[in-house]
Structure formats: C-alpha cells, structure tokens
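Be aware that the sequence shown starts at 8, since it is given in our numbering, and climbs by one per residue.
Yeah, the Cβ is synthetic: ideal placement off N, Cα and C, and Gly gets one too.
Remember, it's a predicted structure, so these values are computed and weren't measured experimentally.
For reference, the structure discussed in these notes is given below.
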Amino acid sequence: MSQILLITSSPRVESYSTRVAGKLAQKLASRPGSNLTVRDLTRPPLPHIDDSFAVARNTPLELLTSAQKSALSLSDDLLAELFAADTLIIAAGMINFGIPSSLKTYIDYVVRPGVTFRYANNAPEGLVRGKKVYLVVARGGIYSRGAMEAFNFQDTYLKAILGFMGITDVEVIAMEGIGFGPDAAETAVTTALARVDAIAP
C-alpha cells in the first residue's frame, strides 16, 4: 500500500499552494492501494516548541522521565506520520521570503537527533530515506531567477532541511508572480496544474 502525507501550511483559506497540492494529493490517492493522510498545520496550529521539549529532545531515550516523554508525544505522533509515508506533499506560500511559521514549527518537531538525523564521523547523516517529496510553493514575485533569487529562503530552505534528514528525491512545483494580478495568478496556477497532470496522469 502507498501512503501519502499531505502537509498544508497556508494561513489563507483560499490558498494557491493548498489548492494545487490538494489536486496532486487526490490524483496520487486515486491509485489503487493508496491511502491519504492530511495534516493541516494551521487548523489547529501546532504549539511552538518550549524548554521542556528542547531539553527532552536531547535526552537519551533510556533517561527520559515520564514528563519528558509527554513533552515529546506530539513530536512522536508527527514522526510516525512522516515515517509511514512513501510520498510527501508539502504546500507552502512564501511569507517574508521564507516559509509560514506553522511549517517551521512542524520542522522543529520532526528534526530530532537520533531519530531523523545523527552525527557520524563528525558529519550529519539523515535517517529518513526512501521517500518522494513534492514541494508545492506559491510566491507573489519571481524568485527563481533575476534580482530576487537571492531572497528565496522558501523551497531552498525546505530542500536543505529535507536533505539534512536524508530526503533527497524532491520535486518543486512553483507558482510565481501571483501578486502581479488575477490573470498572472491564474496563469501560474494553470501551469502548476499542468505539472500535476504530468506527474500523476
């Protein structure tokens, strides 16, 4: 059975990234033997990590107290979803050149030493392998080239942190220029949906 995990992070109800990522998820899930899990990071939002989590994540498993295990329980649930998935679809709009805070909070929960990465021979080693990821991203301007390319901390960051965890099979579906007016936005969405059709005919 193929397990698909759709992660949405836009604070907007009418979100371009969520719309296109949802279409991709539906197509992949329509294949026989597929199962879809949806994780909306904004409804309800995840609580930001705190001191109890920060201490517990760096404590060896055999030394964890019951309170520390409780502090890690949400992270454990999110990691179970992540490891169970064969395919991940992550939807994110660009906010202030980066990703939504809801998605950053999710990342803080799942990037855990000894679970999703470790250090061996003084180098990091990702422990999450064998997964395909589609990044469905939307941004108001053009950041894939030109003067604003250096300000793209959206899919560039996501690819870096996924690679740190061992996930390197990453495909980006980007909608750019959606802030240039309704026609430009619709063109960007139409182009992205054509990419979706090509990925999952």
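Going by other Cβ atoms of all chains shown within 10 Å of its Cβ, with 16 needed for buried, is residue i buried or exposed?
{"i": "tyrosine 23", "result": "buried"}
{"i": "valine 136", "result": "Here residue 136 turns out to be arginine, not valine, going by the sequence shown. The residue in question, arginine 136, is exposed, as its Cβ has fewer than 16 Cβ neighbours within 10 Å."}
{"i": "alanine 127", "result": "exposed"}
{"i": "proline 282", "result": "A question about residue 282 goes unanswered here, because the residues of the chain that appear run from 8 up to 208."}
{"i": "arginine 152", "result": "exposed"}
{"i": "glycine 170", "result": "exposed"}
{"i": "leucine 53", "result": "buried"}
By the DSSP assignment, the beta strand (DSSP E) with residue i in it spans what residues?
{"i": "alanine 98", "result": "94-100"}
{"i": "serine 9", "result": "9-15"}
{"i": "threonine 44", "result": "41-47"}
Which value, in whole angstroms, describes the spacing of the CA atoms of residue i and residue j?
{"i": "aspartate 84", "j": "phenylalanine 90", "result": "10 Å"}
{"i": "glycine 173", "j": "threonine 44", "result": "21 Å"}
{"i": "asparagine 65", "j": "glutamine 75", "result": "10 Å"}
{"i": "alanine 175", "j": "glutamate 193", "result": "The sequence given here has threonine at residue 175, not alanine. Going by the C-alpha atoms only, they are around 30 Å apart."}
{"i": "arginine 46", "j": "aspartate 190", "result": "30 Å"}
{"i": "asparagine 6", "j": "lysine 34", "result": "Only positions 8 to 208 of the chain appear in this structure, which leaves residue 6 out of reach."}
{"i": "valine 117", "j": "methionine 101", "result": "21 Å"}
{"i": "tyrosine 150", "j": "aspartate 93", "result": "29 Å"}
For a quick check, are the C-beta atoms of residue i and residue j less than 7 Å apart?
{"i": "alanine 201", "j": "isoleucine 185", "result": "no"}
{"i": "isoleucine 97", "j": "isoleucine 180", "result": "no"}
{"i": "alanine 12", "j": "glutamate 132", "result": "For clarity, residue 12 is leucine in the given sequence; the question names alanine instead. Contact: no."}
{"i": "serine 37", "j": "serine 9", "result": "no"}
{"i": "leucine 134", "j": "leucine 165", "result": "no"}
{"i": "serine 16", "j": "leucine 48", "result": "yes"}
{"i": "isoleucine 206", "j": "glutamine 161", "result": "no"}
{"i": "methionine 182", "j": "alanine 157", "result": "no"}
{"i": "leucine 86", "j": "valine 203", "result": "no"}
Which partner residues of residue i appear in the DSSP bridge assignment?
{"i": "methionine 182", "result": "Ala145"}
{"i": "proline 120", "result": "Phe124"}
{"i": "proline 131", "result": "Tyr126"}
{"i": "valine 177", "result": "Val140"}
Starting from residue i and walking both ways along the alpha helix (DSSP H), at which residues does that stretch end?
{"i": "aspartate 57", "result": "Taken as a continuous stretch (DSSP letters only), aspartate 57 belongs to no alpha helix (DSSP H), as it is neither H nor E."}
{"i": "leucine 35", "result": "23-36"}
{"i": "alanine 192", "result": "189-206"}
{"i": "isoleucine 106", "result": "Where isoleucine 106 is concerned, there is no enclosing alpha helix (DSSP H), given that its DSSP letter is neither H nor E."}
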